[in-house]
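Engineer:
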Amino acid sequence: LLTLGRSKVKNVIDRVFVLSMPEDLTTQIYESCVENRIPINTFNSAKYSTFTLLSTYNNQNLQIGITTNLQGCKMSSRLKREVIKAIPPNINDIIENVSNVRKLINSNESLDKKEKLKWLSQIIDYYPLNELGKISIDKLNDDLNQIDFKNSHENNDVLKSRGKISLVGSGPGSIANLTIGALNAIHEADLILADKLVPQEILDLIPKNVEVFIARKFPGNAENAQEELLRIGLESVQKGLNVVRLKQGDPYIFGRGGEEYLFFQKHGYKVEVLCGLSSAFVACVNAGIPTTHRGVADQVMICTGVGRHGKIPDNLPIFEEKRTVIFLMSIKRIVDILPILMGEKRWPAKLPVAIVERASCGDERVIRTRLANLVDVCNKTESRPPGLIVTGWACDVYTKLGEEEDFRVIETGLSVEENVDLEKIVTLL
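Here our numbering is used: the first residue of the sequence shown is 47, the next is one more, and so on.
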């Protein structure tokens with residue numbers, strides 16, 4: 047151990063691997079390695095190992111490593127196989143394409159550095175994985191073209207065909223939270239206009255013969271993207287197509303469903319609306335927060351952190367002791383919202399809050415903290431969009447932070463999809 051190493055490190059061995067030896071000899075080697083601070087890995091023995099090897103997968107542009115922290119390498123290998131099965135077969139094309147888009151965005155002199163980073167982040171975070179292999183900079187640049195179809199839509203004298211338009215809520219993410227009505231609408235559609243927030247699990251349910259268009263609502267382009275969706279939807283329904291406007295959560299809870307309803311109604315179409323489970327309520331259930339609880343909370347309020355034109359709403363609520371307030375679309379704006387709440391709105395610094403990200407998805411995460419620590423916690427924990435903030439004493443009914451705890455991160459990792467027999471449901475439909 048101390049003589050066969052490299053001369054540059056005074057002949058001390060860099061690391062030791064033990065495959066199969068009598069236990070007494072293994073013990074002796076292990077103790078000597080520990081004494082001389084030499085890393086040692088003993089096959090299938092956490093007791094005699096100071097480090098572990100990753101079970102690795104390498105495929106050109108993608109490299110993945112998995113470890114069970116000395117709990118068994120065979121389990122690491124099994125988990126690796128499961129992960130590989132979930133990776134799209136064209137993952138190399140996806141990674142390469144995203145890299146090319148990144149380079150093109152960075153080379154665009156018309157965008158400042160902050161704006162470039164926002165665009166890239168939004169594309170990677172929100173676009174379905176398979177769609178990332180198809181996206182092009184030319185397609186994205188189309189968003190920047192100003193199209194005046196407000197005036198072109200003023201005339202209501204258009205030929206009405208037997209097309210159909212439906213506003214459909216897809217729930218927050220899990221297939222288990224998708225309604226039968228929504229699933230039925232998805233399978234009957236000719237064209238689906240989907241929000242960028244609709245997760246891959248839901249999009250995977252769409253039949254292969256159905257055309258899908260993902261909303262291109264990136265920073266600075268929300269209004270253009272919304273008008274683009276309305277234009278495509280109107281043109282398609284005029285051609286007699288069955289168009290589904292697929293929205294995350296519920297269409298009428300900060301989903302602009304009312305605006306879209308009025309738009310198509312104005313053009314002579316009857317709009318079908320199918321409600322969806324809102325993340326505002328699903329997130330609370332999954333995080334173990336009863337939104338109402340006798341003696342604790344008898345009111346529930348749902349707010350947004352982003353008003354018209356991206357401004358902070360001017361009607362943020364004053365504090366009520368027995369109210370649970372849920373803030374949607376607010377995590378990125380909390381640095382501006384918090385001073386207002388704790389100042390003129392008189393919210394207490396010790397009020398319990400919970401950040402719930404990707405509610406009901408397999409990578410759901412809950413972060414519990416206090417109001418005064420909220421901005422600091424958001425800065426310390428990398429955002430996992432989409433997320434929301436739950437505030438109020440109801441957050442403490444089941445789970446409380448310790449006196450010395452600033453925050454607690456809980457990786458819930460829900461996998462309720464496994465309990466849903468989709469094939470059976472689709473057959474019944």
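Just so you know, even glycine gets a beta-carbon here, dropped at the ideal spot from N, CA and C.
Taking C-beta to C-beta, are A240 and L249 nearer than 9 Å?
Structural biologist: In this structure, L249 lies closer than 9 Å to A240 by Cβ.
Engineer: Which residues in the same chain have their Cβ closer than 6 Å to the Cβ of L323, if we skip the five residues on either side of it in sequence?
Structural biologist: Result list for L323: G217 and N223, in chain order.
Engineer: When the Cα of Y298 is compared with those of E281, I151 and C321, which residue comes out closest?
Structural biologist: Among E281, I151 and C321, the Cα nearest to that of Y298 belongs to C321.
Engineer: Could you give the DSSP three-state label for I252: helix, strand or coil?
Structural biologist: DSSP places I252 in coil when its eight states are reduced to three.
Engineer: Would you mind stating whether L417 and I401 have Cβ atoms separated by less than 9 Å?
Structural biologist: Contact flag unset, no.
Engineer: Whole-angstrom Cβ separation of K242 and A261, contact assumed at under 8 Å?
Structural biologist: Confirmed, Cβ separation roughly 5 Å.
Engineer: According to DSSP, is Y103 part of a helix, a strand, or is it coil?
Structural biologist: Three-state result, Y103: strand.
Engineer: Let me check understanding here. Comparing Cα to Cα, which of V58, E69, M67 and Y103 lies closest to P85?
Structural biologist: It is V58.
Engineer: What does DSSP give as the partner residues of M347 in its beta bridges?
Structural biologist: In DSSP, M347 forms a bridge with V371.
Engineer: Take M347 and list the residues in its own chain whose beta-carbon comes closer than 8 Å to its own, dropping the five residues that flank it on each side.
Structural biologist: For M347, where only same-chain residues beyond five positions count, the Cβ hits under 8 Å are P363, R369, T370, V371 and I372.
Engineer: Based on DSSP bridge pairs, tell me the residues matched to G341.
Structural biologist: According to DSSP, G341 bridges with nothing at all.
Engineer: Per DSSP, P336 is paired with what?
Structural biologist: None, per the DSSP bridge assignment.
Engineer: In whole angstroms, what separates the C-alpha of R414 from that of R454?
Structural biologist: Near 5 Å, if we compare the C-alpha coordinates of R454 and R414.
Engineer: How many angstroms separate the CA atom of V319 from the CA atom of S325?
Structural biologist: Computed Cα separation, rounded: 18 Å.
Engineer: What does the Cβ neighbour count give for K293, buried or exposed, with the cut at 16 atoms within 10 Å?
Structural biologist: So K293 ends up on the buried side.
Engineer: Determine the closest residue to I399 out of L48, I435, G209 and L50, with distance taken between C-alpha atoms.
Structural biologist: According to the sequence provided, residue 399 is Val. The question's Ile does not apply to it. Ranking L48, I435, G209 and L50 by Cα distance to V399 puts I435 first.
Engineer: Give the single residue among G295, R392 and V290 whose Cα lies nearest to the Cα of A231.
Structural biologist: For the residues G295, R392 and V290, the minimum Cα distance to A231 belongs to V290.
Engineer: Output needed for K391: all residues of its chain with C-beta closer than 8 Å, excluding positions within five of it in sequence on either side, in chain order.
Structural biologist: Closer than 8 Å at the Cβ level, and outside the excluded window around K391, lie L362, P363, I364 and F365.
Engineer: Which word fits Y94, buried or exposed, when buried means at least 16 other C-beta atoms lie within 10 angstroms of its C-beta?
Structural biologist: Buried.
Engineer: Which of the three DSSP states, helix, strand or coil, is assigned to F300?
Structural biologist: DSSP places F300 in coil when its eight states are reduced to three.
Engineer: I'd like the span of the beta strand (DSSP E) that includes G215, first residue to last.
Structural biologist: Here the beta strand (DSSP E) through G215 covers K210 to G215.
Engineer: Tell whether a beta-carbon distance below 9 Å holds between G118 and L100.
Structural biologist: Contact: no.
Engineer: May I have the straight-line CA-CA distance separating N143 from K131, to the nearest angstrom?
Structural biologist: If I take the Cα positions, the gap works out to 21 Å.
Engineer: Quick one: residues in its chain with C-beta nearer than 6 Å to the C-beta of L166, no 5 flanking neighbours on either side, listed in chain order?
Structural biologist: R148 and I151.
Engineer: Who are the near neighbours of N136 in its chain, counting only those whose CB is closer than 8 Å to its CB and skipping five residues on each side?
Structural biologist: Correct list, in chain order: N176 and G179.
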